[in-house]
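There are 2 protein chains.
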Amino acid sequence: MTDNLIIRRARETDLVALIELFAADETGGHGDTTGDDAYEDYLRAFNVIDASQNEQLFVAELEGEVVGTFQILFNRTLTGRGSLSMILEAVQTRSDMRGKGIGGQMIHHAIEEARRRDCRIVQLTSNMARTDAHRFYERLGFAKSHFGFKMKLK
Amino acid sequence: MTDNLIIRRARETDLVALIELFAADETGGHGDTTGDDAYEDYLRAFNVIDASQNEQLFVAELEGEVVGTFQILFNRTLTGRGSLSMILEAVQTRSDMRGKGIGGQMIHHAIEEARRRDCRIVQLTSNMARTDAHRFYERLGFAKSHFGFKMKLK
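Sequence lines, in order, name chains A and B. Numbering of the first sequence is given in the working numbering, commencing with residue 1 and proceeding in unit increments. Numbering of the second sequence is given in the working numbering, commencing with residue 1001 and proceeding in unit increments.
Here's what the structure looks like:
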């Protein structure tokens, strides 16, 4: 538990720190880069997410620095009697800040938001290589009940 | 391959058939029901999905009957250099219509839509109990690379 952690919606001024977080993630293999020529692409995506009704991007801030991030996405389906789900995406804690409970605080924040929005379920996928993350999610009360399938188109 | 299959956006008049499809799915355990008192909940959800910018509900129609369904959801993230993903949800083929290639035609339709929208990736989760579905998705070219974690809130 990190007492003075602030979890809040991301702002454009967080963007450089967020790109650094994602570029440092080698397991994900999403091709993220801190190169100057990519900044406009990230900024465009940030503005889309920021304006979206269904998507929200969060940061965890500690002493003025971005130390973690996650994105939430709401999905209305017919299944579950027309229920709302929350999908968690792109959960990251800065590598030098792990083991301090920051990830847990971020997930709890997301779950509280899911309850507030009356979601039936919170769901996420985690790369099979991230065994530490799997233990983490199970400890938080998630069931490892599904396989996640991905097809890269480009 | 079912030649005369029509894949199209769902309409309100499909709703009873769609509820029957989901209610027949015992593996999912989503509590779906054809009971009269639930219809209004489904109709409300249908209208939300139908009006959504990010979500689209499809049916597969054969000789005037709904024989399958899937939902697609678009997700903009910073990861992948600000890329768009497609999430597939609630894929169902009517139990008496399996093994005719209907599922494959639905997934191909979704993938084509993902390409048209310039998505980097198409992703879905499948209950670990659905071993036939896992082979199906791998045959279509998906990688079983992730675990799917779920937390039911109610």
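Heads up, the beta-carbon is just placed ideally off N, CA and C, and yes, glycines get one too. Note that the structure is predicted; figures quoted are calculated from it, not measured.
Beta-carbon of B:Val1122 versus every beta-carbon of chain A: anything under 7 Å?
True, the Cβ-Cβ gap to chain A drops below 7 Å.
For A:His30, which residues in chain B fall below 7 Å Cβ to Cβ?
Those are Thr1079 and Gly1080, listed as they occur along chain B.
Using three-state DSSP, classify A:Arg76 as helix, strand or coil.
In the three-state DSSP reduction, A:Arg76 falls in the strand class (E or B).
7 Å Cβ cutoff, A:Asp3 in contact with chain B
Between A:Asp3 and chain B, the shortest Cβ-Cβ separation is not below 7 Å.
Under 8 Å by beta carbon: chain B residues contacting A:Asp41
Going along chain B in sequence order, the residues near A:Asp41 (Cβ under 8 Å) are Arg1081 and Gly1082.
Hey, out of A:Ala133, A:Arg120, A:Thr77 and A:Gly148, whose CA is closest to B:Ser1126's CA?
Nearest option by C-alpha distance: A:Gly148.
From this set, B:Leu1005, B:Gln1092 and B:Gln1123, which residue's C-alpha is nearest B:Gly1028's C-alpha?
Considering only alpha carbons, the answer is B:Gln1092.
From the DSSP output, read off the bridge partner residues of A:Asn127.
Partner(s): B:His1146.
Using a Cβ-Cβ cutoff of less than 8 Å, which residues in the same chain neighbour A:Ala129 once the five nearest sequence positions on both sides are dropped?
Residues Thr27 of the same chain have their beta carbon placed closer than 8 Å to that of A:Ala129, with the five preceding and five following residues left out of the count.
Give a yes or no on whether the minimum CB-CB distance between A:Ala45 and chain B is below 7 Å.
Judged by the 7 Å Cβ criterion, A:Ala45 is in contact with chain B.
What does B:Leu1073 reach in chain A if we use C-beta pairs closer than 7 Å?
Think of a sphere of 7 Å around the beta carbon of B:Leu1073: the chain A residues whose beta carbon falls inside it are Asn75, in chain order.
Have a look at B:Tyr1042 and A:Leu78 and give me their C-alpha separation to the nearest angstrom.
Inter-residue distance for B:Tyr1042 and A:Leu78 is about 6 Å (C-alpha atoms, whole angstroms).
Work out the CA separation of A:His30 and A:Glu40 for me, nearest whole Å.
Approximately 17 Å, taken between the alpha carbons.
Is the beta carbon of B:Glu1055 less than 7 Å from the beta carbon of B:Leu1073?
Yes, the pair counts as a contact, with Cβ atoms nearer than the cut-off.
What in chain A is Cβ-close to B:His1134, meaning under 9 Å?
Result: Phe147 and Phe149.
Is the shortest distance between the beta-carbon of A:Val16 and the beta-carbons of chain B less than 7 Å?
So no, A:Val16 is outside the interface.
Considering only their Cβ atoms, is the gap separating B:Phe1046 from B:Leu1015 smaller than 7 Å?
With contacts defined as CB atoms closer than 7 Å, B:Leu1015 and B:Phe1046 qualify as a contacting pair.
Give me the Cα-Cα distance between B:Ala1114 and A:Tyr137, rounded to the nearest whole angstrom.
Computed Cα separation, rounded: 29 Å.
Does DSSP classify A:Met1 as helix, strand or coil?
Of the three classes helix, strand and coil, the one that applies to A:Met1 here is coil, per DSSP.
Mind checking whether A:Cys119 and A:Met86 have CB atoms under 7 Å apart?
It is a contact, given that the beta carbons lie within the stated cut-off.
From A:Ala23 to A:Arg117, what does the alpha carbon distance come to, in whole angstroms?
Their Cα atoms are separated by approximately 32 Å.
Using a cut-off of 7 Å between C-beta atoms, extract the partners of A:Val48 located in chain B.
Per Cβ cutoff of 7 Å: Arg1076.
Under a three-way DSSP split, which group does B:Ala1060 fall into?
Reduced to three states, the DSSP call for B:Ala1060 is strand.
So what does DSSP say about A:Thr13, is it helix, strand or coil?
Residue state, collapsed to three classes: helix.
If you run the structure through DSSP and keep just helix, strand and coil, what is B:Arg1081?
In the three-state reduction of the DSSP assignment, B:Arg1081 falls in the helix class, which pools H, G and I.
Interface flag, B:Glu1089 vs chain A, CB-CB below 7 Å
Yes, its Cβ sits closer than 7 Å to a Cβ of chain A.
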